[in-house]
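Using this note's numbering, read the first sequence as starting at 284 and increasing by one per residue.
Ideal placement from N, C-alpha and C gives every residue a C-beta, glycine not left out.
A quick note: this is a predicted structure, and the numbers were derived from the prediction, not measured.
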Amino acid sequence: MPTFLLKTEPSEYSFDDLTRDKRAAWTGVSNNTALAHLRAMRKGDEAFIYHTGDEKAIVGLAQVIKSAYQDPEQPGLNPKGEPKFAVVDLKPLRKARTPITLAQIKADKRFAAFPLVTQSRLSVMPVPSDIDTALRTLAGL
DNA sequence: GCCAACGTTGGC
DNA sequence: GCCAACGTTGGC
Numbered sequence: 284m285p286t287f288l289l290k291t292e293p294s295e296y297s298f299d300d301l302t303r304d305k306r307a308a309w310t311g312v313s314n315n316t317a318l319a320h321l322r323a324m325r326k327g328d329e330a331f332i333y334h335t336g337d338e339k340a341i342v343g344l345a346q347v348i349k350s351a352y353q354d355p356e357q358p359g360l361n362p363k364g365e366p367k368f369a370v371v372d373l374k375p376l377r378k379a380r381t382p383i384t385l386a387q388i389k390a391d392k393r394f395a396a397f398p399l400v401t402q403s404r405l406s407v408m409p410v411p412s413d414i415d416t417a418l419r420t421l422a423g424l
């Protein structure tokens with residue numbers, strides 16, 4: 284079962300907000316590459332939640348409870364007539380015992396191939412299984 | 001279809 | 001506040 288990483292600006296929607304809400308539609312993904320990754324997420328898959336901005340750290344783990352569906356708030360179509368935007372529904376699983384900072388990830392050679400490092404603007408990405416394992420150990424997740 | 005101009009993300 | 005690294009748009 285693949286794991287993903289989802290970025291969010293905590294002043295807009297944080298992991299604590301998800302914990303409070305118990306479940307939420309993950310909205311706001313508009314980049315096509317990110318949307319393709321979002322659509323690859325299946326019910327039961329897990330996702331690290333990463334805070335951008337001042338925090339720049341992985342802060343928790345969530346789980347997909349509903350795979351991708353058309354964003355009801357943005358019912359636009361692409362040129363092929365397919366829904367342009369998608370969302371997934373998530374629930375919180377655990378908060379990281381120790382958040383893993385971007386600086387830490389960049390300094391660790393094990394993460395050199397991680398899209399979080401190589402593609403700084405991508406907001407939804409798959410996490411390779413070896414990186415997944417290492418991150419969970421570091422974060423206490 | 002190309003590409004110049006413009007917009008966005010997100011780290012610094 | 002700046003700007004690098006993209007993505008998007010629209011004129012041609």
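Suppose contacts are defined by Cβ-Cβ distances below 8 Å. Is residue i in contact with residue j by that definition?
i	j	result
residue 407	residue 289	yes
residue 287	residue 320	yes
residue 330	residue 373	yes
residue 351	residue 322	yes
residue 338	residue 293	yes
residue 424	residue 377	yes
For residue i, which three-state DSSP category applies?
i	result
residue 357	coil
residue 297	coil
residue 307	strand
residue 420	helix
residue 290	strand
residue 389	helix
residue 337	coil
residue 345	strand
residue 395	coil
At the level of alpha carbons, what is the spacing between residue i and residue j?
i	j	result
residue 340	residue 383	5 Å
residue 311	residue 370	8 Å
residue 342	residue 328	17 Å
residue 391	residue 414	11 Å
residue 389	residue 402	12 Å
residue 326	residue 387	30 Å
residue 291	residue 336	9 Å
residue 399	residue 307	23 Å
residue 416	residue 354	31 Å
residue 313	residue 422	28 Å
residue 285	residue 347	11 Å
residue 404	residue 395	16 Å
If you follow the beta strand (DSSP E) that residue i is part of, which residue opens it and which one closes it?
i	result
residue 325	Run containing residue 325: none; DSSP gives neither H nor E here.
residue 409	407 to 410
From which residue to which residue does the alpha helix (DSSP H) around residue i run?
i	result
residue 401	398 to 401
residue 363	No alpha helix (DSSP H) holds residue 363; DSSP gives it neither H nor E.
> Three or more beta-carbon pairs under 8 Å between the segment 399 to 417 and the segment 346 to 366, yes or no?
Replying inline: no
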